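**Student:** Chains A and B supply the protein sequences, listed in that same order. If you want the working numbering, it's the 1-based position in the first sequence plus 5. If you want the working numbering, it's the 1-based position in the second sequence plus 5. Each residue gets a CB set at the ideal place from its N, CA and C atoms; glycine is no exception. Everything numeric in this text was worked out from a predicted model, so none of it was measured. Dropping a structure here in structure tokens format, bear with me for questions.
Number of protein chains: 2
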Amino acid sequence: MTSPDNSAGRAHVVGLGLIGASLALALAERGWSVSGWDLDRAVRDAARSASLIDGESVDSRTTLVVVAVPAGAVVEVVRASLAQLGEREAVVTDVAGVKESIVGAVDDPRFLGGHPMAGSEQRGLAGARANLFQGCTWVLTPTATTRPETYGRLHGILRDLGANVVAVPAADHDRLVAVASHVPHLLAGALMNEADLAARQDAVLLQLAAGGFRDMTRVAAGDPRIWPDILMENRDAIVPALRSLGDRLSRVSDALEAGDASLVNRDLESAALARRQLPGRALDPEKMRYLRVAVTDRPGVLAAVTVAASELLVNIYDIEIAHGIEGASGTLLLAVDADRADVLHDALRERGFTVNLA
Amino acid sequence: MTSPDNSAGRAHVVGLGLIGASLALALAERGWSVSGWDLDRAVRDAARSASLIDGESVDSRTTLVVVAVPAGAVVEVVRASLAQLGEREAVVTDVAGVKESIVGAVDDPRFLGGHPMAGSEQRGLAGARANLFQGCTWVLTPTATTRPETYGRLHGILRDLGANVVAVPAADHDRLVAVASHVPHLLAGALMNEADLAARQDAVLLQLAAGGFRDMTRVAAGDPRIWPDILMENRDAIVPALRSLGDRLSRVSDALEAGDASLVNRDLESAALARRQLPGRALDPEKMRYLRVAVTDRPGVLAAVTVAASELLVNIYDIEIAHGIEGASGTLLLAVDADRADVLHDALRERGFTVNLA
């Protein structure tokens, strides 16, 4: 799809980490010419050698500038980029995980803050890939200053990269990612630290840490170095969300202490309901059904199940293995098209699997 | 392995839910004859029809009674079972998730409390499977009253089912599962409820809820009906653990508010270290490597990848699809044996997949 809104031009990408370099690749794939810059000389050289960039600065042909540097440095780089553009028309955007402090500090109709909810455990130029943004949610945070043309143009470019663009006021973005991402991360860390403390006194604890505990602490294993910046930048949104959660936990503690089962039950019931209604990523809950298949941890089981799905043209939108520690068996949770779930269910049962439609 | 300690006999299982029925299946597979009972007439009938049980009560041949009813009913059923056995030799055990209140209330050398750390998102008789306990940790909580013969006999039976038996004082068990299981469950519920509240004001939140949030709230989707009993029974251990976690979150909030990055960083770093050292299920991080495969959401991709693994005898320990909502493509994250990861990597690359070793 080529239209005036997303036709290729010349892009300049500042910061050639995972997001910046992936963007450079994705834009190049769609016919853009790309210049770029990174604070790290070696990264710049590598990007040039790989023909990822053909220049290191904004020039007279630049129509898009993407600032993909750490959150704390975004404002300065955005301002410098706007100055380099002079009076020329262009779109300038960033990709930082916090938005209000950034969009509040830049007052230019050509600037529009953004945050692709994409990532990878891979980092830097080496981990970059052109399809990183396929299907990801890309938040844009227009302000009263943002010109509609800026929004329309960037929206078209991002759609062209395969992203689902969502416009959200910057303050809302920060408040929502605090709840959906930053607080959960802090929580996972706190839970892991508490368990670690208990395990130092009694190592058997670790043998009792089953799938639920593992799920809940998984993100805590991530690189701790990328978080301090984000957490500090967004602390105005995080602190109230964290305190609100703390208050809720206090109420649960109080209810347990008082032997008040009704509050605890109500909380668990509403949580169960809400979690089950949580839309899957690819997943319109109306159109999906879950199959649970008992499996053993040996080569071939996954293949047998997925081949059966494939043969029946059943698309697996989501897949998950749940198993206990050191467990040799577990449950495979498959999200499939609702109208094909029965077919797969029957086929798997015929092949000797213990399978249930959830 | 057959020895006097784990030779088959006749078992009576009270409560034919997931655990009870799975135990009945597992014991039958090892040559036991099994009787059983469930409060629900329909469940009893189904168990009889499936030849899972051949009688509904303790009889003169019974050598093992397993009480697999909700925690709050265990003591009563254990006492009744002991009374039915009269003076006869037998082993009586239970499978409840709390132990001190139970073992403290039963004073019989034939009784020994237990707690298999096994479960499944499947429920009831329909979800039962004989291999549920393969590789699971099974906690036994002997008291001063428990006869060594009772312990030895039950230990042998459980080992025979494939369980890793761990003996822990009942009070320690309760304190440790509070940290490893009950508090995490409450936390998942609290997080989900807070997010639900935010989502009611701004539904876009759900589009920003990525993999970490999903992981952390997954257990909250479980059956809320089985928890109130356990939480109330174990509240003496849960409340201090929950308060301690709450205090930790308060300290993090305070540090963020004060702009004190060092405390936050220290916490995140110690959590990351502890989480990485958490012994895996099958997953010793030293022995695992992760592969990322770019995939599209169409039937057949999963099959192609998993078949390749299967053909190369590479065991997939863990699998996860990461994609945006409404995403047409994503990344498949596979945890495989470290020493086989290269082989799979090369094979997938040869087949045209974009694949990276993490």
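By Cβ distance, which residues of its chain are closer than 6 angstroms to B/L137, with the 5 residues on each side in sequence left out?
**Tutor:** The residue labelled residue 137 of chain B in the question sits at position 132 within the second sequence. Answer for B/L137: S27, A123, listed in chain order.
**Student:** Check whether the region 100-115 of chain A touches the region 131-151 of chain A, taking contact to mean three or more Cβ pairs, one atom from each stretch, closer than 8 angstroms.
**Tutor:** Yes, the region 100-115 of chain A touches the region 131-151 of chain A.
**Student:** Are the Cβ atoms of B/V83 and B/V97 separated by less than 7 angstroms?
**Tutor:** Taking the first residue of the second sequence as position 1, residue 83 of chain B is located at position 78. Taking the first residue of the second sequence as position 1, residue 97 of chain B is located at position 92. Cβ atoms of B/V83 and B/V97: closer than 7 angstroms.
**Student:** By the 10 Å Cβ neighbour count, where 16 or more other Cβ atoms means buried, how is A/R356 classified, buried or exposed?
**Tutor:** The residue labelled residue 356 of chain A in the question sits at position 351 within the first sequence. It is exposed - the Cβ of A/R356 has fewer than 16 other Cβ atoms within 10 Å.
**Student:** Against B/D207, what residues of chain A qualify as contacts under a CB-to-CB distance less than 9 angstroms, listed in chain order?
**Tutor:** The sequence position of residue 207 of chain B within the second sequence is 202, counting from 1. V173, D177, R180, L181, listed in chain order.
**Student:** When we look at the beta-carbon of B/R271 and count the other beta-carbons within 10 Å, is it buried (16 or more) or exposed?
**Tutor:** Position 266 of the second sequence, counted from the start, is the residue given in the question as residue 271 of chain B. So B/R271 ends up on the exposed side.
**Student:** By alpha-carbon positions, which one of A/A29, A/G25, A/V39 ends up nearest to A/R15?
**Tutor:** What you label residue 15 of chain A is simply residue 10 of the first sequence in a count that begins at 1. Ranking A/A29, A/G25, A/V39 by Cα distance to A/R15 puts A/V39 first.
**Student:** So A/V360 and A/R297 are in contact, right, with Cβ under 8 angstroms, and what is the actual spacing, rounded?
**Tutor:** Taking the first residue of the first sequence as 1, we reach residue 360 of chain A at position 355. Taking the first residue of the first sequence as 1, we reach residue 297 of chain A at position 292. Contact holds; Cβ gap of about 7 angstroms.
**Student:** Would you kindly work out how many angstroms separate the C-alpha atoms of B/N239 and B/W143, rounded to a whole number?
**Tutor:** Residue numbering aside, residue 239 of chain B sits at position 234 when the second sequence is read from its first letter. Residue numbering aside, residue 143 of chain B sits at position 138 when the second sequence is read from its first letter. Distance between the alpha carbons of B/N239 and B/W143 is about 18 angstroms.
**Student:** Which of the residues in the region 140-151 of chain B, read from start to end, lie with their CB under 9 angstroms from any CB of chain A?
**Tutor:** Residues passing the 9 angstroms Cβ filter: G140, C141, T142, V144.
**Student:** So is B/V360 in contact with chain A if we call contact Cβ pairs under 7 angstroms?
**Tutor:** Here residue 360 of chain B is taken as the residue at index 355 of the second sequence, counted from 1. Not closer than 7 angstroms to any Cβ of chain A, the Cβ of B/V360 fails to qualify, so no.
**Student:** Is it the case that the Cβ atoms of A/L30 and A/A52 are separated by a distance below 7 angstroms?
**Tutor:** Looking up residue 30 of chain A in the first sequence gives position 25. Looking up residue 52 of chain A in the first sequence gives position 47. The answer is no: Cβ separation not under 7 angstroms.
**Student:** In three-state terms, what does DSSP make of B/N136?
**Tutor:** Within the second sequence, the letter at position 131 stands for residue 136 of chain B. Correct three-state label for B/N136: coil.
**Student:** Touch check for the region 213-226 of chain B and the region 192-199 of chain B: three-plus C-beta pairs under 8 angstroms?
**Tutor:** In short, these stretches touch, since the Cβ pair count reaches three.
**Student:** Give me the residue from B/A314, B/Q282, B/G161, B/T336 with the minimum Cα distance to B/V300.
**Tutor:** Start at 1 with the first residue of the second sequence, and residue 300 of chain B comes out as number 295. Among B/A314, B/Q282, B/G161, B/T336, the Cα nearest to that of B/V300 belongs to B/T336.
**Student:** Please report the distance separating the alpha-carbon of B/R281 from that of B/R46.
**Tutor:** Numbered from 1 along the second sequence, position 276 holds the residue referred to as residue 281 of chain B. Numbered from 1 along the second sequence, position 41 holds the residue referred to as residue 46 of chain B. Each residue's alpha carbon lies about 47 angstroms from the other.
**Student:** What does DSSP give as the partner residue(s) for A/W42 in the beta ladder?
**Tutor:** Here residue 42 of chain A is taken as the residue at index 37 of the first sequence, counted from 1. Per DSSP, A/V19.
**Student:** Can you name the start and end residues of the beta strand (DSSP E) that B/T142 belongs to?
**Tutor:** Mapped onto the second sequence, residue 142 of chain B falls at position 137. Unbroken beta strand (DSSP E) run through B/T142: 142-146.
**Student:** Which residues, taken in chain order from the region 225-258 of chain B, show a beta carbon closer than 8 angstroms to some beta carbon of chain A?
**Tutor:** Cβ contacts with chain A come from A225, A226, G227, D228, P229, W232, P233, L236, M237, R240, I243, V244, A246, L247, R248, S249, L250, G251, R253, L254, S255, V257, S258.
**Student:** For B/L166, does the three-state DSSP call read helix, strand or coil?
**Tutor:** To locate residue 166 of chain B, count along the second sequence from 1; it is residue 161. Three-state result, B/L166: coil.
**Student:** Just to confirm the assignment, what range does the beta strand (DSSP E) spanning B/P121 have?
**Tutor:** If you number the second sequence from 1, residue 121 of chain B lands on position 116. 116-121 is the span of the beta strand (DSSP E), which, as asked, contains B/P121.
**Student:** Output the distance between the C-alpha atoms of A/E316 and A/A308, rounded to the nearest integer angstrom.
**Tutor:** Residue numbering aside, residue 316 of chain A sits at position 311 when the first sequence is read from its first letter. Residue numbering aside, residue 308 of chain A sits at position 303 when the first sequence is read from its first letter. C-alpha separation (whole angstroms): 12 angstroms.
**Student:** Any C-beta of chain A sitting closer than 7 angstroms to the C-beta of B/E274?
**Tutor:** In the second sequence, residue 274 of chain B corresponds to position 269, counting from 1. Yes, contact with chain A.
**Student:** Give me, in chain order, the residues of the same chain whose beta-carbon lies closer than 6 angstroms to that of A/G25; leave out the 5 immediate sequence neighbours on both sides.
**Tutor:** Counted from its first residue, the first sequence places residue 25 of chain A at position 20. Once the five neighbours on either side are set aside, the close Cβ partners of A/G25 are V18, A73.
**Student:** Count the other CB atoms, across all protein chains shown, that sit within 10 Å of the CB of B/A287; report buried if there are 16 or more and exposed otherwise.
**Tutor:** Residue 287 of chain B sits at position 282 when you count from the first residue of the second sequence. Residue placement at B/A287 cannot be trusted, given a pLDDT of 40 that sits under 50; what the coordinates show is reported in the next sentence. With 16 or more other Cβ atoms within 10 Å, it is buried.
**Student:** If distances are taken between C-alpha atoms only, which option among B/E81, B/D179, B/A226 comes closest to A/E4?
**Tutor:** Absent from the model: residue 4 of chain A. The displayed extent of chain A is 6 to 363, so no value can be given.
**Student:** Taking just the CA atoms, how far does B/S54 sit from B/A279?
**Tutor:** Residue numbering aside, residue 279 of chain B sits at position 274 when the second sequence is read from its first letter. Residue numbering aside, residue 54 of chain B sits at position 49 when the second sequence is read from its first letter. When rounded, the distance between both Cα atoms is 49 angstroms.
**Student:** Determine the chain A residues that contact B/E262 at a beta-carbon separation under 8 angstroms, and present them in chain order.
**Tutor:** The residue you call residue 262 of chain B lines up with position 257 of the second sequence. Per Cβ cutoff of 8 angstroms: R240, V244.
**Student:** Mapping DSSP to helix, strand and coil, what is A/I368?
**Tutor:** An answer regarding residue 368 of chain A cannot be provided, because it is not within the stretch 6 to 363 covered by chain A.
**Student:** Could you give the distance in angstroms between the alpha-carbon of A/E199 and the alpha-carbon of A/G102?
**Tutor:** Looking up residue 199 of chain A in the first sequence gives position 194. Looking up residue 102 of chain A in the first sequence gives position 97. Cα to Cα, A/E199 sits roughly 28 angstroms from A/G102.
**Student:** Under 8 angstroms Cβ-Cβ, which residues of chain A neighbour B/P75?
**Tutor:** By one-based count along the second sequence, residue 75 of chain B stands at place 70. Going along chain A, no residue has its Cβ under 8 angstroms from B/P75, so there is no contact; the nearest lies around 13 angstroms.
**Student:** For A/E331, which residues from the same chain have a beta carbon less than 8 angstroms from its beta carbon, with the 5 sequence-adjacent residues on both sides left out?
**Tutor:** Residue numbering aside, residue 331 of chain A sits at position 326 when the first sequence is read from its first letter. Confidence is the limiting factor: at A/E331 the pLDDT is only 35, short of 50, which leaves the residue's position unreliable, though a coordinate-based value still follows. Excluding sequence neighbours, A/E331 sits near nothing in its chain.
**Student:** Consult DSSP for B/I330 and reduce its assignment to one of helix, strand or coil.
**Tutor:** Mapped onto the second sequence, residue 330 of chain B falls at position 325. Summary for B/I330: the model assigns pLDDT 33, below 50, so the residue's position carries little reliability; its value from the coordinates is reported in the next sentence. It is coil, neither helix nor strand.
**Student:** Name the residue from B/D99, B/A277, B/D43, B/S258 whose alpha carbon lies nearest to the alpha carbon of B/L163.
**Tutor:** Reading the second sequence from its first residue, position 158 is the one you call residue 163 of chain B. Residue B/D99 is the option with its Cα nearest to B/L163.
**Student:** Could you tell me the distance, in whole angstroms, from the CA atom of B/A352 to the CA atom of B/I324?
**Tutor:** Taking the second sequence and counting its residues from 1, one reaches residue 352 of chain B at position 347. Taking the second sequence and counting its residues from 1, one reaches residue 324 of chain B at position 319. The straight-line gap from Cα to Cα measures roughly 18 angstroms.
**Student:** Could you check if B/K292 is buried or exposed, using at least 16 other CB atoms within 10 Å of its CB as the buried criterion?
**Tutor:** By one-based count along the second sequence, residue 292 of chain B stands at place 287. Exposed: under 16 other Cβ atoms inside 10 Å.
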